[in-house]
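K.L.:
Here our numbering is used: the first residue of the sequence shown is 225, the next is one more, and so on.
Ideal Cβ positions, reconstructed from N, Cα and C, are used throughout, including at glycine.
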Amino acid sequence: MKHYDKRGETMEGTKRRQMIIEDLTKKQEPITGSQLAKACSVSRQVIVQDIALLRAEGHKIISTSNGYMIYEKKADYTRLLALKHTKEDIREELQTIVDFGGTVINVMVEHPVYGEITADLMLSSRNHIEDFIDRLDQAKSVPLMRLKSGEHYHLVKAANEGVMNAIEKALDEKGFLLK
Numbered sequence: 225m226k227h228y229d230k231r232g233e234t235m236e237g238t239k240r241r242q243m244i245i246e247d248l249t250k251k252q253e254p255i256t257g258s259q260l261a262k263a264c265s266v267s268r269q270v271i272v273q274d275i276a277l278l279r280a281e282g283h284k285i286i287s288t289s290n291g292y293m294i295y296e297k298k299a300d301y302t303r304l305l306a307l308k309h310t311k312e313d314i315r316e317e318l319q320t321i322v323d324f325g326g327t328v329i330n331v332m333v334e335h336p337v338y339g340e341i342t343a344d345l346m347l348s349s350r351n352h353i354e355d356f357i358d359r360l361d362q363a364k365s366v367p368l369m370r371l372k373s374g375e376h377y378h379l380v381k382a383a384n385e386g387v388m389n390a391i392e393k394a395l396d397e398k399g400f401l402l403k
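(1) Please go through the same chain and pick out, in chain order, the residues whose beta-carbon is closer than 6 Å to the beta-carbon of Asn389, but skip the five residues on each side of it.
(2) Give a yes or no on whether the C-beta atoms belonging to Met346 and Thr288 are separated by under 7 Å.
(3) What are the residues that DSSP puts in a beta bridge with Lys311?
(4) Does the count of Cβ pairs from the segment 303-321 and the segment 374-384 closer than 8 Å reach three?
(5) Tell me which residues share the same chain as Arg231 and place their Cβ nearer than 7 Å to its Cβ, disregarding the 5 neighbours each side in the sequence.
(6) Select from Arg370, Thr238, Val322 the residue whose C-alpha is nearest the C-alpha of Glu281.
(7) Kindly indicate which residue of His335, Leu248, Glu253 has the alpha-carbon position closest to the one of Ile275.
(8) What three-state label does DSSP hand Asn351 in the structure shown?
(9) If you reduce the DSSP assignment to three classes, tell me which class Asp300 lands in.
(10) In chain order, what residues of the same chain lie with their CB nearer than 7 Å to the CB of Met225, ignoring the 5 residues before and after it?
Quick look at the structure:
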């Protein structure tokens, strides 16, 4: 027999969502829906529904290319960088940012019809970059930057302004930074 709480939710669902929040809060790295499903002994679709419910309750859960994570704005320094390069330069651009200690929060392009198109990335290590590039290649997908002949923006997070300035200088030296 199932037990329900005051809102008509099953007690199992409430406990599972509490466990999801605890797991996401403990980890700094994204967790995939499949990993959460396995840990909770449910399907990935149940996790997708739970994430939607948790967001409706006000939890700041974002979906990145590497999985789910809790997004909490910290005292980090962020800057929107305007960049331009070829698809072949994606790895070098992203590695330049993370090697200095930055995190690529998202990628954005200005489309003439659709306006701003943004995708969360949350790339903070070379492993994240390799996973991202592998998924691009396997899906035979076109990076957003191709919509604007290589022009795009990244919201980048760093520990302080000095680190951000070093990232920007290195990208400029490589010819990736738009002025």
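P.N.:
Looking at the atomic coordinates:
(1) none
(2) Yes. Within cutoff.
(3) According to DSSP, which records beta bridges pairwise, Lys311 is partnered with nothing at all.
(4) yes
(5) Reliability of the predicted coordinates at Arg231 is poor, the pLDDT of 49 falling under 50, and no value is obtained from them.
(6) Thr238
(7) Leu248
(8) helix
(9) Residue state, collapsed to three classes: coil.
(10) Because Met225 carries a pLDDT of 47, less than 50, the predicted location of this residue cannot be relied on, and no value is offered for it.
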